[in-house]
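Asker: Following this message is one structure expressed as structure tokens.
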Amino acid sequence: MRGTGRRTGTAGPGRAVGADPAGAGAAPRRGRAEPVRRVVAGLDVPSVSADPAGYALDPARGLDAALGIRRREVARGWALRAGRAPDGTGRIGDGPIAGSKAGPRRVLIRLIEEHARHDGLAGPLRERIDGVTGA
364 MRGTGRRTGT
374 AGPGRAVGAD
384 PAGAGAAPRR
394 GRAEPVRRVV
404 AGLDVPSVSA
414 DPAGYALDPA
424 RGLDAALGIR
434 RREVARGWAL
444 RAGRAPDGTG
454 RIGDGPIAGS
464 KAGPRRVLIR
474 LIEEHARHDG
484 LAGPLRERID
494 GVTGA
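Have a look at this one:
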């Protein structure tokens, strides 16, 4: 829906988008539920929804550990994407749209959208990709 809507949302109850500039809240989310492994590479890895803690950042782990998880996952994602065509096809294995097809391009755009929604810092990048403006 290029250029047809306005996005709205928050980073959580009472928190405006962009309230987590370091990305610490989103780091575990991207680290544990990296869709590149599940959809693009077809690996059988657990969904974040299977974790009772959900998306919560474990305060005992701290920012350095959370960002370390994210960095390792990003490196793993780059390795899994290497040599794959952006318009290739992967399959969503579970959830409400199980069996649907999604390619690397869609997965990467979704990651940018998720980052922009929670951190607010990638909003301009997301807007250039999908044309939808707003938070």
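Remember, our numbering sits 363 above the position in the sequence shown when you count from 1. Positions of the beta carbon are idealized from the N, C-alpha and C atoms, including for glycine.
Using a Cβ-Cβ cut-off of 7 Å (strictly less than) and excluding sequence neighbours within five positions of A465, which residues of its own chain qualify?
Answerer: V402, G453 and I455
Asker: Would you identify the three-state DSSP class for A461, choosing helix, strand or coil?
Answerer: coil
Asker: Grab the span of the alpha helix (DSSP H) containing S437 for me, first residue to last.
Answerer: Here the sequence assigns Val to residue 437, which means Ser is not the residue at that position. Start and end: G425 to R444.
Asker: Shortest alpha-carbon distance to A499 belongs to which of A404, R424, D493 and P398?
Answerer: Here the chain covers residues 364 to 498 and nothing more, so residue 499 does not appear.
Asker: Quick one: is A429 buried, meaning 16 or more other Cβ sit within 10 Å of its Cβ, or exposed?
Answerer: A429 is classed as buried because its beta carbon has at least 16 other beta carbons within 10 Å across all chains shown.
Asker: Tell me the DSSP secondary structure of R447 in three-state form.
Answerer: coil
Asker: Should A479 be labelled buried (16 or more other beta-carbon atoms within 10 Å of its own) or exposed?
Answerer: buried
Asker: If you draw a straight line from the alpha carbon of G451 to that of V470, how long is it in whole angstroms?
Answerer: 11 Å
Asker: Applying the criterion that 16 or more other CB atoms from any shown protein chain within 10 Å of the CB defines a buried residue, is P398 buried or exposed?
Answerer: Buried is the call here.
Asker: Going by other Cβ atoms of all chains shown within 10 Å of its Cβ, with 16 needed for buried, is G494 buried or exposed?
Answerer: Classification of G494: exposed, given that the 10 Å Cβ count is below 16.
Asker: Spatial neighbours of R491 within its chain, please: C-beta separation below 6 Å, excluding the five flanking residues on both sides.
Answerer: none
Asker: Taking its Cβ as the centre, do 16 or more other Cβ atoms sit within 10 Å of G440, making it buried, or is it exposed?
Answerer: buried
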